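Colleague: Before I ask anything, here is the structure I am working with.
Residue numbers (my numbering): 383 to 598.
Here's what the structure looks like:
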């Protein structure tokens, strides 16, 4: 199947948006997804745009790469062009963070340990959790080499688990350009929702790398 057989516009799926920002790591898959998130509008799918986004000169290699992303469930095809959310960050996070927790308790913190947006937590608790999120993210960055090499583990989220191994509260870093944010979620995270793409896309518009210039 060629790119011309599919609908017209490309966007990350919720799983793809999370994969793009879950680690401060670089590879071709993440570069492609981050390039999509850097675009203010979902790019039209064409042979030219696919080559530019993927970095492959051969159209067959580019199309094979796109198929890999499709099989991983990291991209979605849109029939209409989507536009990145254009609202103040505080308003956007206030709107979307409430949908990420089945218990209705979630906050977004910045790298300095300050709460950017919060739903469900008391103010004092939110301040403590935001500060803890910064400490945990820094701790993980200090030891992630050993975790990756010795245990072959990926990911950067940490959780306080109960006796059954289920997360009671989790800390989920989002690496956007040079910035690091952390989603703090009580209970099971509900990431497989379009609001995650909206949040990550909005953060990328403010803090991510410049959008690629794509030929029509």
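Backbone N, C-alpha and C fix where the C-beta goes; we use that ideal spot for every residue, glycine too.
Just so we're clear, the structure is a prediction, and the values are computed from it rather than from any experiment.
(1) Quick check: what's the CA-CA separation for residue 395 versus residue 401?
(2) Could you tell me which of 508, 448, 466, 444 sits nearest to residue 459, measuring between CA atoms?
(3) Determine whether the beta carbon atoms of residue 425 and residue 596 lie at a separation below 9 Å.
(4) Grouping DSSP H, G and I as helix and E and B as strand, with all else coil, what is residue 494?
(5) Residues in its own chain within less than 7 Å of residue 481 by CB, not counting five upstream and five downstream?
(6) From the DSSP output, in three-state form, read off residue 549 for me.
(7) Should residue 415 be labelled buried (16 or more other beta-carbon atoms within 10 Å of its own) or exposed?
(8) On a CA-only basis, which of 471, 438, 432, 491 is nearest residue 556? Give me that one, please.
(9) What residue range does the alpha helix (DSSP H) around residue 402 cover?
(10) Could you tell me how far apart the beta carbons of residue 489 and residue 512 are, in whole angstroms, since I believe they sit closer than 8 Å?
(11) How long is the line joining the alpha carbons of residue 543 and residue 436, rounded to whole angstroms?
(12) Give the secondary structure of residue 583 by DSSP, where H, G and I count as helix, E and B as strand, and everything else as coil.
(13) Would residue 538 pass as a contact of residue 406 if the rule is Cβ separation under 9 Å?
(14) In terms of alpha-carbon separation, which member of 527, 411, 586, 515 lies closest to residue 455?
(15) Pull up the distance between the alpha-carbon of residue 475 and that of residue 499, whole angstroms please.
(16) Give the DSSP-derived three-state secondary structure of residue 384 in the structure shown.
(17) Take residue 566 as the anchor and find which of 471, 507, 434 has the nearest alpha-carbon.
(18) Could you work out which residue in 391, 561, 590 is closest to residue 520 when comparing CA atoms only?
(19) Kindly indicate which residue of 398, 590, 417 has the alpha-carbon position closest to the one of residue 450.
Modeller: In terms of the structure at hand:
(1) Here residue 395 refers to the residue found at position 13 of the chain shown. Here residue 401 refers to the residue found at position 19 of the chain shown. Distance between the alpha carbons of residue 395 and residue 401: 10 Å.
(2) Looking up residue 459 in the chain shown gives position 77. For the options 508, 448, 466, 444, the alpha carbon positioned closest to that of residue 459 is the one of 448.
(3) Your numbering for residue 425 matches position 43 in the chain shown. Your numbering for residue 596 matches position 214 in the chain shown. Contact flag set, yes.
(4) Position 112 of the chain shown holds residue 494. Residue state, collapsed to three classes: coil.
(5) Within the chain shown, the letter at position 99 stands for residue 481. Contacts found: 572, 575, 577.
(6) Position 167 of the chain shown, counted from the first residue, corresponds to residue 549. In the structure shown, residue 549 sits in a strand (DSSP, three-state: E or B).
(7) For the purposes of this step, residue 415 is identified with residue 33 of the chain shown, where counting begins at 1. A residue is called buried when at least 16 other Cβ atoms come within 10 angstroms of its Cβ; residue 415 meets this threshold and is buried.
(8) Start at 1 with the first residue of the chain shown, and residue 556 comes out as number 174. The option with the nearest alpha carbon to residue 556 is 491.
(9) Position 20 of the chain shown, counting from 1, holds the residue named residue 402. For residue 402, the enclosing alpha helix (DSSP H) starts and ends at 396 to 403.
(10) Numbered from 1 along the chain shown, position 107 holds the residue referred to as residue 489. Numbered from 1 along the chain shown, position 130 holds the residue referred to as residue 512. Sure, about 6 Å apart at Cβ, within 8 Å.
(11) As a position in the chain shown, residue 543 is number 161, starting the count at 1. As a position in the chain shown, residue 436 is number 54, starting the count at 1. For residue 543 and residue 436, the gap between their C-alpha atoms comes out near 38 Å.
(12) One-based indexing of the chain shown puts residue 583 at position 201. In this structure, DSSP gives residue 583 a helical state, which the three-state scheme calls helix.
(13) To locate residue 538, count along the chain shown from 1; it is residue 156. To locate residue 406, count along the chain shown from 1; it is residue 24. Closer than 9 Å, so yes.
(14) As a position in the chain shown, residue 455 is number 73, starting the count at 1. The shortest CA-to-CA distance from residue 455 to any of 527, 411, 586, 515 is the one to 411.
(15) Residue numbering aside, residue 475 sits at position 93 when the chain shown is read from its first letter. Residue numbering aside, residue 499 sits at position 117 when the chain shown is read from its first letter. The C-alpha of residue 475 lies about 6 Å from the C-alpha of residue 499.
(16) Here residue 384 refers to the residue found at position 2 when the chain shown is read from its first residue. Its pLDDT being 46, under 50, residue 384 is placed unreliably by the model, and the measurement read from it follows with that caveat. In the three-state DSSP reduction, residue 384 falls in the coil class, being neither helix nor strand.
(17) Residue mapping note: residue 566 aligns to position 184 of the chain shown, counting from 1. Nearest of 471, 507, 434 to residue 566, Cα basis: 507.
(18) Walking along the chain shown from the start, residue 520 turns up at place 138. Looking only at 391, 561, 590, the smallest Cα-Cα distance to residue 520 is reached by 561.
(19) Counted from its first residue, the chain shown places residue 450 at position 68. Check the Cα spacing between residue 450 and each of 398, 590, 417: the tightest is with 398.
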